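One structure below.
Number of protein chains: 2
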Amino acid sequence: MAELPLPDLDPTSDRAVFRQIADHIRDAIERGVLAEGDKVPSEAQLMQHYGVARMTIRNALQVLQGEGLTVAEHGRGVFVRSHPPVRRLASDRFARRHREQGKAAFIAETEGAGGKPSVDSIKITEERPSADIAEKLGIASKDLVVCRSRRYLINGQPVETATSYIPAEIARGTRIAEPDSGPGGIYARLEELGFRLDHFVEEIRSRMPLRDEVRALKLAPGVPVFHLVRTAYATDGRAVEVCGTVMSSDAYVLLYELPAR
Amino acid sequence: MAELPLPDLDPTSDRAVFRQIADHIRDAIERGVLAEGDKVPSEAQLMQHYGVARMTIRNALQVLQGEGLTVAEHGRGVFVRSHPPVRRLASDRFARRHREQGKAAFIAETEGAGGKPSVDSIKITEERPSADIAEKLGIASKDLVVCRSRRYLINGQPVETATSYIPAEIARGTRIAEPDSGPGGIYARLEELGFRLDHFVEEIRSRMPLRDEVRALKLAPGVPVFHLVRTAYATDGRAVEVCGTVMSSDAYVLLYELPAR
DNA sequence: TTGACGAACTCCTCTAGAGGAGTCATGAAT
DNA sequence: ATTCATGACTCCTCTAGAGGAGTTCGTCAA
Chain A
25 MAELPLPDLD PTSDRAVFRQ IADHIRDAIE RGVLAEGDKV PSEAQLMQHY GVARMTIRNA
85 LQVLQGEGLT VAEHGRGVFV RSHPPVRRLA SDRFARRHRE QGKAAFIAET EGAGGKPSVD
145 SIKITEERPS ADIAEKLGIA SKDLVVCRSR RYLINGQPVE TATSYIPAEI ARGTRIAEPD
205 SGPGGIYARL EELGFRLDHF VEEIRSRMPL RDEVRALKLA PGVPVFHLVR TAYATDGRAV
265 EVCGTVMSSD AYVLLYELPA R
Chain B
25 MAELPLPDLD PTSDRAVFRQ IADHIRDAIE RGVLAEGDKV PSEAQLMQHY GVARMTIRNA
85 LQVLQGEGLT VAEHGRGVFV RSHPPVRRLA SDRFARRHRE QGKAAFIAET EGAGGKPSVD
145 SIKITEERPS ADIAEKLGIA SKDLVVCRSR RYLINGQPVE TATSYIPAEI ARGTRIAEPD
205 SGPGGIYARL EELGFRLDHF VEEIRSRMPL RDEVRALKLA PGVPVFHLVR TAYATDGRAV
265 EVCGTVMSSD AYVLLYELPA R
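Quick note, the sequences are listed as chains A and B, same order.
So for the first sequence, my numbering puts the first residue at 25; every next one is plus one.
So for the second sequence, my numbering puts the first residue at 25; every next one is plus one.
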């Protein structure tokens with residue numbers, strides 16, 4: 025439909041035609057003329073409107089897709105991407121007081137927000153840690169660690185993958201090395217084992233997802249991920265767990281509260 | 025150069041040719057066969073090697089560029105992207121004890137790491153806040169705020185843009201509304217004005233940059249940004265400042281330390 | 001009413017060209 | 001020694017096609 029008022033090309037501009045076209049559509053999205061979920065005019069319509077070759081149109085659409093503004097659906101059309109409801113992860117989500125109810129942080133949060141949480145593809149292995157993990161745990165890289173990998177879903181939609189690394193010396197033979205780590209999760213188990221947790225350090229990076237991550241999290245093109253690595257320290261200063269999680273950046277906002285001390 | 029050992033296409037695969045080619049090159053990068061800064065074989069070489077049309081090669085290279093793995097330089101070639109030195113931002117960087125030396129956080133940190141810090145395009149305006157900012161500051165959206173925009177650079181490379189919003193009622197006529205806010209920055213000024221800072225709340229998002237941000241931060245394609253919004257609260261519970269900053273995600277790692285309480 | 005079929009529409013992949021423009025090394029002219 | 005032109009090489013933009021495959025929807029037969 026020619027309902028969408030797109031400007032004409034500026035032949036005097038030295039900006040490439042496909043960029044100009046991308047600019048027009050981006051403008052329409054940013055100004056709200058095209059709202060979330062709306063269909064962008066088809067390649068054929070845009071060819072017609074601008075009088076250029078199909079490839080030129082496709083290049084323009086490619087730009088927008090790379091910016092995460094649109095998604096193409098084979099056979100249906102190109103649509104303005106809609107953003108899922110955002111989960112806000114508070115910095116105190118692993119505080120002891122939240123653990124005492126006996127629910128894992130993810131389950132409690134999600135149910136609180138009215139979603140149906142589930143956990144997926146739990147895999148427990150015992151491995152030699154990467155140099156990075158070994159250093160964070162303060163162990164030699166030939167010492168073994170127990171790895172707990174899992175994927176979190178809300179209403180069946182994957183939102184996060186996580187892998188915890190606990191020195192095998194601590195975890196072996198305990199419920200931490202079982203698929204179901206019991207009420208309160210592994211932090212509760214660690215405290216029962218006598219490691220009173222003192223503080224966490226979280227390291228946050230953002231980057232484009234790897235191929236596996238795109239698959240595991242069903243990510244749309246142009247969506248970066250948060251890569252968060254949390255290290256848990258016991259009161260004796262010893263690191264007892266490192267947990268690496270990858271989250272879709274458009275499903276999450278991370279919240280931290282800090283003293284001004 | 026045929027030095028780079030690339031596999032042949034798998035004609036039985038239903039994976040598109042350009043994706044297979046992208047996979048091969050991505051593998052080479054991930055396995056370290058192609059290191060940072062290395063030149064990817066030219067379009068002509070890849071055409072030759074795979075026996076496909078130029079556009080097919082360009083599509084493959086486009087994929088990698090979108091993933092932030094490579095950058096093309098017109099007339100020179102395509103190169104594996106090299107990552108700038110990473111700045112680690114500690115969560116306590118705005119704590120009072122760091123402020124007492126009289127240096128702004130950014131300057132002190134950068135000099136400590138041996139870089140030459142500078143600040144750029146400082147603009148001070150008085151405006152009506154967006155609904156979001158007004159809500160965070162707990163003021164009506166018709167109340168004015170003083171906006172301090174600036175851009176931070178290290179060795180001339182832009183790394184971060186920031187805009188602070190302070191209720192005009194507080195900032196007007198003070199040094200906060202001057203380009204040079206004086207020793208210790210605006211947090212020091214706020215405390216001198218009697219607003220003893222109690223805590224900060226930081227909200228972190230990650231997304232692809234807008235066009236302006238690409239320009240302002242000289243971002244390579246395929247690099248997401250952190251969008252961090254910090255709200256400063258005084259001891260009386262009042263929000264006295266909101267600061268929004270946009271940072272290149274491959275120049276920063278954010279660090280937070282949290283009590284396990 | 002239901003279900004199978006097909007036409008029309010969508011985006012996806014790929015080909016084979018063309019001219020343009022930036023970079024760099026070489027070699028000639030100064 | 002320096003400057004400058006040249007040509008080879010690079011990626012960039014755009015054209016004009018072709019066949020493929022997924023989606024939607026109306027038609028027609030059961």
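Each residue gets a CB set at the ideal place from its N, CA and C atoms; glycine is no exception.
Keep in mind it's a predicted model, so treat the numbers as computed, not measured.
Apply the 10 Å Cβ neighbour rule to residue i and answer buried if 16 or more other Cβ atoms are within range, or exposed otherwise.
| i | result |
| --- | --- |
| B/K140 | exposed |
| B/Q286 | Absent from the model: residue 286 of chain B. The displayed extent of chain B is 25 to 285, so no value can be given. |
| A/R231 | buried |
| A/I146 | exposed |
| B/E135 | exposed |
| A/S106 | exposed |
| B/A164 | exposed |
| B/D32 | exposed |
| A/A275 | buried |
| B/A26 | Any reading at B/A26 must be qualified, since the residue scores a pLDDT of 44, below 50, and its modelled position is unreliable; the value itself is stated next. Flag for B/A26 reads exposed. |
| B/I190 | buried |
| A/T269 | buried |
| B/T149 | exposed |
| B/E216 | exposed |
| A/S188 | buried |
| B/A192 | buried |
| A/G197 | exposed |
| B/E265 | buried |
| A/K166 | exposed |
| A/P248 | buried |
| A/R172 | buried |
| B/T94 | buried |
| B/P65 | buried |
| A/P35 | exposed |
| A/A212 | buried |
Following the continuous alpha helix (DSSP H) through residue i, name the residue where it begins and the one where it ends.
| i | result |
| --- | --- |
| A/E54 | 41 to 54 |
| A/L70 | 67 to 74 |
| B/V17 | Look at the range of chain B in this structure, 25 to 285, and you will see that residue 17 of chain B is not part of it. |
| A/S91 | Looking at the sequence shown, residue 91 of chain A is not Ser but Glu. No alpha helix (DSSP H) contains A/E91, which DSSP labels as neither H nor E. |
| B/E202 | Where B/E202 is concerned, there is no enclosing alpha helix (DSSP H), given that its DSSP letter is neither H nor E. |
| B/G209 | 209 to 216 |
For residue i and residue j, which I take to be in contact (beta-carbon distance under 8 Å), what is that distance rounded to the nearest angstrom?
| i | j | result |
| --- | --- | --- |
| A/R262 | A/G162 | 7 Å |
| A/L282 | A/F250 | Incorrect: roughly 18 Å between the Cβ atoms, too far for contact. |
| A/R78 | B/A284 | Contact doesn't hold; Cβ gap of about 58 Å is too wide. |
| B/I53 | B/V110 | With a Cβ gap of about 19 Å, B/I53 and B/V110 do not count as contacting. |
| B/D224 | B/T255 | Note on identity: in this sequence residue 224 of chain B is Phe, with Asp being the wrong assignment. Sure, about 7 Å apart at Cβ, within 8 Å. |
| B/S205 | B/L243 | Going by Cβ atoms, the distance from B/S205 to B/L243 rounds to 27 Å, so no, they are not a contact pair. |
| B/V253 | B/E227 | 4 Å |
| B/S90 | B/G246 | The amino acid occupying residue 90 of chain B in the given sequence is Gly; Ser does not appear at that position. Yes, they are in contact, since the Cβ atoms of B/G90 and B/G246 sit about 5 Å apart, within 8 Å. |
| A/R152 | A/E133 | That belief does not hold up - the Cβ atoms of A/R152 and A/E133 are roughly 33 Å apart, past 8 Å. |
| B/A240 | B/P182 | 6 Å |
| A/A195 | A/A201 | 5 Å |
| B/L113 | B/D144 | Rounded, the Cβ-Cβ distance is 19 Å, inconsistent with contact. |
| A/A84 | A/I45 | 4 Å |
Considering just the uninterrupted stretch of the beta strand (DSSP E) at residue i, what are its terminal residues?
| i | result |
| --- | --- |
| B/V253 | 249 to 258 |
| B/A275 | Per DSSP, B/A275 belongs to no beta strand (DSSP E) and is neither H nor E. |
| B/D144 | 141 to 151 |
| A/F103 | 101 to 104 |
What does residue i pair with, by DSSP beta-bridge criteria?
| i | result |
| --- | --- |
| A/P283 | B/H223 |
| A/A59 | Answer is none; A/A59 lacks a bridge partner. |
| A/Y189 | A/C171, A/V266 |
| A/I324 | It is not possible to answer for residue 324 of chain A, since the shown part of chain A is limited to 25 through 285. |
| B/A158 | In the DSSP output, where bridge partners are listed per residue, B/A158 has none listed. |
| B/S230 | B/F250 |
| B/V238 | BP columns for B/V238 are empty, so no partner. |
| B/I163 | None; B/I163 has no bridge partner. |
| B/P182 | B/L177 |
| B/A195 | DSSP lists no partner for B/A195. |
| B/R114 | Position check: residue 114 of chain B holds Ala in this sequence, whereas Arg was assumed. Paired residues: B/L279. |
Name, going along the chain, the residues of the segment 154 to 178 of chain B whose beta-carbon falls closer than 9 Å to a beta-carbon of chain A. For the segment 154 to 178 of chain B, which is checked against every Cβ of chain A, not one residue is closer than 9 Å.
Interface positions of the segment 226 to 252 of chain B facing chain A (Cβ-Cβ less than 9 Å), listed along the chain: Taking 9 Å as the upper bound on Cβ-Cβ separation, chain A lies near residues E226, E227, I228, R229, S230, R231, M232, P233, L234, R235, P245, G246, V247, P248, V249, F250 of the segment 226 to 252 of chain B.
Below 7 Å between beta carbons is the criterion; list the residues of the segment 197 to 230 of chain B that meet it against any residue of chain A, in chain order. Going along the segment 197 to 230 of chain B in chain order, one finds L221, D222, H223, F224, V225, E226, E227, I228, R229, S230 with a Cβ nearer than 7 Å to chain A.
Where the segment 129 to 143 of chain B meets chain A: residues whose CB sits under 8 Å from a CB there: Taking 8 Å as the cut-off between beta carbons, none of the residues of the segment 129 to 143 of chain B comes near chain A.
With 9 Å as the C-beta to C-beta threshold (strictly closer), list the residues of the segment 59 to 77 of chain A near chain B in chain order. For the segment 59 to 77 of chain A, which is checked against every Cβ of chain B, not one residue is closer than 9 Å.
Residues from the segment 82 to 99 of chain A in contact with chain B, defined by Cβ distance under 8 Å: Within the segment 82 to 99 of chain A, the residues whose Cβ lies closer than 8 Å to some Cβ of chain B are Q86, G90, E91, G92, listed in chain order.
Which residues, in order along the segment 39 to 60 of chain A, keep a beta-carbon less than 7 Å from a beta-carbon of chain B? Result list empty, no residue passes.
Along the segment 102 to 126 of chain A, where does the CB come closer than 9 Å to a CB of chain B? Name the residues. The segment 102 to 126 of chain A vs chain B, Cβ under 9 Å: V110, R112, S115, D116, F118, A119, R120, R121.
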